[in-house]
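Each remark here refers to the structure printed beneath this line.
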Amino acid sequence: MKILLPFVLLLSLASCAPAGRLSQCKPGELDIHCINTGRGESTFIIFPDGTTLLVDAAGSNLKKHKYMPTPPKPDSTTTSGQAIINYIRHFSPGTDTLDYFVLTHYHIDHMGEAAKDSPIHPEGGFGLSSICEVGSVIPYRNLLTRGDPSEVQSSNCTNERNMANFARFVDWTVKANGTRYAYFDPCSDSQIVPLHKSVRNFKVSNLAANGYYRTPEGTAATDIPSKAELDALQDPKAYPGENALSCAFILSYGPFDYFAGGDLQWAHKELHGYFDIELPVSRVCRKVEVMKASHHCTKGANGPDIMGALRPDVVLAHVWRDVQPNPETLQNIFDANPGSKVFLTNLAPKNSPVIAGYLDRIASTQGHIVVRVSKGGTRYTIYTLDDSDPAYRITGKWGPFVCN
6 MKILLPFVLL LSLASCAPAG RLSQCKPGEL DIHCINTGRG ESTFIIFPDG TTLLVDAAGS
66 NLKKHKYMPT PPKPDSTTTS GQAIINYIRH FSPGTDTLDY FVLTHYHIDH MGEAAKDSPI
126 HPEGGFGLSS ICEVGSVIPY RNLLTRGDPS EVQSSNCTNE RNMANFARFV DWTVKANGTR
186 YAYFDPCSDS QIVPLHKSVR NFKVSNLAAN GYYRTPEGTA ATDIPSKAEL DALQDPKAYP
246 GENALSCAFI LSYGPFDYFA GGDLQWAHKE LHGYFDIELP VSRVCRKVEV MKASHHCTKG
306 ANGPDIMGAL RPDVVLAHVW RDVQPNPETL QNIFDANPGS KVFLTNLAPK NSPVIAGYLD
366 RIASTQGHIV VRVSKGGTRY TIYTLDDSDP AYRITGKWGP FVCN
């Protein structure tokens, strides 16, 4: 069983405001960075051999909504794409390409939004939404997406203009940068691998994408009816939500395990059982040290089935709306593992009273979050960083924790 250091020791190791800046990731270490732009979700991962993986590129332009967004970070004048670029260049200086980019699903808080007034790339003719802006400055060697949205259709994929813009970017980067474009394979253990040096006991196991999930037998399956069958129903509500089509994986390094599943959810399963993608994915999950909360810790995600399988010691939530995290979802986390420590990138003042009963169990409510795993994956330390400071000064430190 994997355990954290005793709670008393954890408290003694946690610091509210340690001085200094976080050093760069050393060879043999694994870094997982939750980049907070205040506009969605983006995770930057540095493998022990230096291979780089960016999962999603937050970039919603939402300014007014029933569920209001949190303030943009580091400020309102910096685009989400530029914030991600700046962060990567700070913690991985000299990086001129990103080895992998995984777009978990087609929503603007994960890929950005090509607004009518977005700057246009002079060569590619695409608007500089987040995924496009990052990829035009730091090219992607491999670009993976959940799949063809015309074959597996969702009820709320991003709009046609944004998808057409993304298609122009893909065409351009394949030709201009030699980017290899492919669909995320839900049954692969070799689609994402260290590219620069062999790493012992390191693996990225894909678990789900495009509504398909890995079965315990290692084959791909889906419960979603075919597009032809759904079209024949003539019921827009019969199509799965885009979130349920998210890519999911477990990254393992020695005894350390990390789960990430985009916006996987079980929401509205009472309407159609296939809306619940968490249940089948849970059957190939195991206990992990760290989990990225699915769908920003919103209601209808991180249900008892998948949380009971993962039982994470640490949960990282990319919060960006004033209804996140949801109290029911937090309860699911603590039911699965009462000792779990939850870290949030943001917490809207409006939501603080809603989750008041859980605040003393939340380790941090603001900033970038970094998980640094030691060589061999035997220990890990968590840092929070100032998301308004270009120097990314450390604001908190927890650990090291032991993996068993």
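Using my numbering, read the sequence shown as starting at 6 and increasing by one per residue.
C-beta atoms are modelled at their ideal positions from N, C-alpha and C, and glycine is treated no differently.
Residue i in three-state terms, based on DSSP
i, result
"residue 94", "helix"
"residue 89", "helix"
"residue 261", "strand"
"residue 150", "strand"
"residue 276", "coil"
"residue 339", "helix"
"residue 18", "Note that residue 18 scores a pLDDT of 43, beneath 50, so its modelled location is shaky; the value from the coordinates is reported in the next line. Note: residue 18 maps to helix in three-state DSSP."
"residue 39", "strand"
"residue 364", "helix"
"residue 241", "helix"
"residue 10", "A caution first: residue 10 carries a pLDDT of 43, below 50, which makes its placement in the model unreliable, though a value can still be read off. It is coil, neither helix nor strand."
"residue 227", "strand"
"residue 105", "strand"
"residue 57", "strand"
"residue 74", "strand"
"residue 27", "coil"
"residue 69", "coil"
"residue 110", "coil"
"residue 187", "strand"
"residue 381", "helix"
"residue 203", "coil"
Continuous alpha helix (DSSP H) stretch holding residue i: start and end
i, result
"residue 182", "165-182"
"residue 115", "113-116"
"residue 237", "232-238"
"residue 311", "309-315"
"residue 390", "From DSSP, residue 390 is part of no alpha helix (DSSP H) but of the beta strand (DSSP E) over 384-390."
"residue 286", "283-287"
"residue 139", "135-142"
Anticipated Cβ contact below 8 Å, residue i with residue j, distance rounded
i, j, result
"residue 37", "residue 47", "The Cβ separation is near 12 Å, so there is no contact."
"residue 157", "residue 274", "The Cβ separation is near 18 Å, so there is no contact."
"residue 256", "residue 263", "5 Å"
"residue 375", "residue 27", "6 Å"
"residue 278", "residue 310", "Between residue 310 and residue 278 the Cβ distance is about 13 Å, and since that is not below 8 Å, they are no contact."
"residue 84", "residue 57", "Not quite, the Cβ-Cβ distance comes to about 21 Å (not below 8 Å), so this is no contact."
"residue 90", "residue 117", "Incorrect: roughly 12 Å between the Cβ atoms, too far for contact."
"residue 86", "residue 64", "6 Å"
"residue 332", "residue 295", "Incorrect: roughly 22 Å between the Cβ atoms, too far for contact."
Under 9 Å between C-beta atoms of residue i and residue j
i, j, result
"residue 43", "residue 78", "yes"
"residue 319", "residue 301", "no"
"residue 272", "residue 242", "no"
"residue 72", "residue 159", "no"
"residue 261", "residue 388", "no"
"residue 161", "residue 112", "yes"
"residue 398", "residue 30", "no"
"residue 188", "residue 250", "no"
"residue 413", "residue 146", "The requested residue 413 does not occur in the structure, where the chain is confined to residues 6 to 409."
"residue 219", "residue 293", "no"
"residue 367", "residue 349", "yes"
"residue 98", "residue 213", "no"
"residue 62", "residue 115", "yes"
"residue 163", "residue 266", "no"
"residue 258", "residue 35", "yes"
"residue 178", "residue 141", "yes"
"residue 182", "residue 144", "yes"
"residue 327", "residue 74", "yes"
"residue 315", "residue 341", "yes"
"residue 51", "residue 96", "yes"
"residue 371", "residue 334", "no"
Local Cβ density within 10 Å of residue i, reported as buried at 16 or more and exposed below that
i, result
"residue 236", "exposed"
"residue 82", "exposed"
"residue 247", "buried"
"residue 317", "buried"
"residue 196", "buried"
"residue 53", "buried"
"residue 357", "exposed"
"residue 373", "buried"
"residue 134", "buried"
"residue 354", "exposed"
"residue 362", "exposed"
"residue 346", "buried"
"residue 291", "exposed"
"residue 206", "exposed"
"residue 21", "With a pLDDT of 45 at residue 21, under the threshold of 50, the modelled position of that residue is not reliable, and the figure given next carries that caveat. Exposed is the call here."
Enclosing beta strand (DSSP E) for residue i [first to last residue]
i, result
"residue 404", "399-407"
"residue 320", "319-322"
"residue 125", "Unbroken run through residue 125: none, as it is neither H nor E."
"residue 48", "48-51"
"residue 211", "207-214"
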